[in-house]
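Note sheet for the following structure.
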Amino acid sequence: MVNTQSNVSSYRGRFAPSPTGPLHFGSLVAAIGSYLDAKFNKGEWLVRIEDLDPPRTVAGASDDILTTLEKLGMEWDGEVIFQSQRNEAYQATLSCLSQTAMVYPCTCSRKEIADASIAGIDGLIYPGTCRDKVSHVGRPAALRLITQQQPIQFTDTLRGAVCQCLERDVGDFVLRRADGVYAYQLAVVVDDAAQNITHVVRGTDLLDSTPRQIYLQQLLGYTTPRYMHLPVVTNAQGEKLSKQTLAAPIDLSNAISQMIAALQFLGQSPPKVLQQETLATFWQWAIENWRVDKIP
Ligand code: GLU
Ligand code: ZN
9 MVNTQSNVSS YRGRFAPSPT GPLHFGSLVA AIGSYLDAKF NKGEWLVRIE
59 DLDPPRTVAG ASDDILTTLE KLGMEWDGEV IFQSQRNEAY QATLSCLSQT
109 AMVYPCTCSR KEIADASIAG IDGLIYPGTC RDKVSHVGRP AALRLITQQQ
159 PIQFTDTLRG AVCQCLERDV GDFVLRRADG VYAYQLAVVV DDAAQNITHV
209 VRGTDLLDST PRQIYLQQLL GYTTPRYMHL PVVTNAQGEK LSKQTLAAPI
259 DLSNAISQMI AALQFLGQSP PKVLQQETLA TFWQWAIENW RVDKIP
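Okay, structure coming up:
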């Protein structure tokens, strides 16, 4: 058997769902992919709830996701971390970064930014209006990070070499919004470092965010984990499955067939007989037979 997995002795992976609704087939694929890669490599698998943004967090969704993972037989290592309880850590990191003059307040409104910006690979490229002085003294300010021209390069386990010039492709990005909410890019970097994550396995919709995260890791002197971006499940309209696109929750009365479908989506070839098996047998087969080189 061709085995393309790295032979790592200390592997720490994670699944980091946003609790915007129950686990659906798309998030199940990310959960299973990160879980199997960790277990195949004899590693640990952590779960972190990314409930940073209060308006997007749905009451009960975190419990729902955690209970579903348990019922599916996916045991995590250590305590679950909730980003909503980590503001102190994010603030400490932001204060540290601010000492380098790489962070500046921005008081531009959405409309001002929309009128002055061109589209980048992930939203509008902020034109740097407030780099030297804020556009509106006295308005609540977001905090942005200065980006640079030097390319950021990394090798994704599935996608190969990825290169991005942050200043040109993304622009100075937000670390804390004007309403005080910390940005995903900052929180994920702080938490991956705090949890000593060595391997990040997640959906390819986050591939474009990775250079921003590596840039932050470099500024902060953190180690960059290894990244593997999995294919993303889409519906018939080609939209990513999500709460917004009304993805159906995982049906626990029919768990194994959905997990088999998730394995198939990831290019694995589970035998038909697994359908009749217990969860323990399912996982034993899935872990032993995990093949990264078969993921489409
Ligand atoms: N919370 C993010 C999401 O559910 C995932 C973040 C990550 O894996 O880095 O899309
Ligand atoms: Zn501004």
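For the sequence shown, our numbering assigns the number 9 to the initial residue and increments by one for each residue that follows.
Positions of the beta carbon are idealized from the N, C-alpha and C atoms, including for glycine.
Since this is a predicted model, take the numbers as computed values, not measurements.
Assuming residue i contacts residue j under a Cβ cut-off of 8 Å, what Cβ separation, rounded to an integer in Å, is found between them?
i, j, result
"M236", "D72", "With a Cβ gap of about 26 Å, M236 and D72 do not count as contacting."
"A149", "T137", "At roughly 12 Å, the Cβ-Cβ gap does not stay under 8 Å, so A149 and T137 are not in contact."
"L153", "F181", "6 Å"
"L174", "T212", "About 19 Å separates the two Cβ atoms, so there is no contact after all."
"A263", "L80", "6 Å"
"V209", "S35", "With 8 Å as the limit, V209 and S35 do not qualify as a contact, their Cβ atoms being about 13 Å apart."
"F90", "I57", "5 Å"
Whose CA, out of the options, lies closest to the CA of residue i?
i, options, result
"W291", "K302, P278, I303", "P278"
"Y19", "D259, W53, L249, Q276", "W53"
"Y98", "A195, S265, D301", "A195"
"L228", "A201, V241, Q172", "A201"
"H144", "V37, Q161, K248, C114", "C114"
"K302", "V281, I295, Q284, Q272", "Q272"
"V170", "Q107, R176, I160, G179", "I160"
Measuring only the C-alpha atoms, how far is residue i from residue j?
i, j, result
"L203", "T165", "Inspection of the sequence shows that residue 203 is occupied by Gln rather than by Leu. Straight-line Cα distance between these residues: approximately 21 Å."
"P219", "R299", "26 Å"
"Q13", "H207", "For Q13, the predicted structure reports a pLDDT of 47, less than 50, and the residue's modelled location is therefore unreliable. The matter cannot be settled from this model."
"D199", "T163", "21 Å"
"Q116", "V142", "Here residue 116 turns out to be Cys, not Gln, going by the sequence shown. Near 8 Å, if we compare the C-alpha coordinates of V142 and C116."
"M9", "Q276", "The pLDDT assigned to M9 is 39, lower than 50, so where the model puts this residue is not dependable; a value taken from the coordinates is nonetheless given after this. Approximately 14 Å, taken between the alpha carbons."
"D140", "N95", "27 Å"
"E120", "G131", "14 Å"
"V16", "N49", "With a pLDDT of 46 at V16, under the threshold of 50, the modelled position of that residue is not reliable, and no figure is offered here."
"E285", "V37", "20 Å"
"S261", "I205", "33 Å"
The ligand ZN and residue i: does any heavy atom of the ligand fall closer than 7 Å to the residue's C-beta?
i, result
"T115", "yes"
"S143", "yes"
"T155", "no"
"T137", "yes"
Pull every residue with its beta-carbon under 6 Å away from any heavy atom of the ligand GLU, and keep them in chain order. A24, P25, S26, E58, V196, R210, L214
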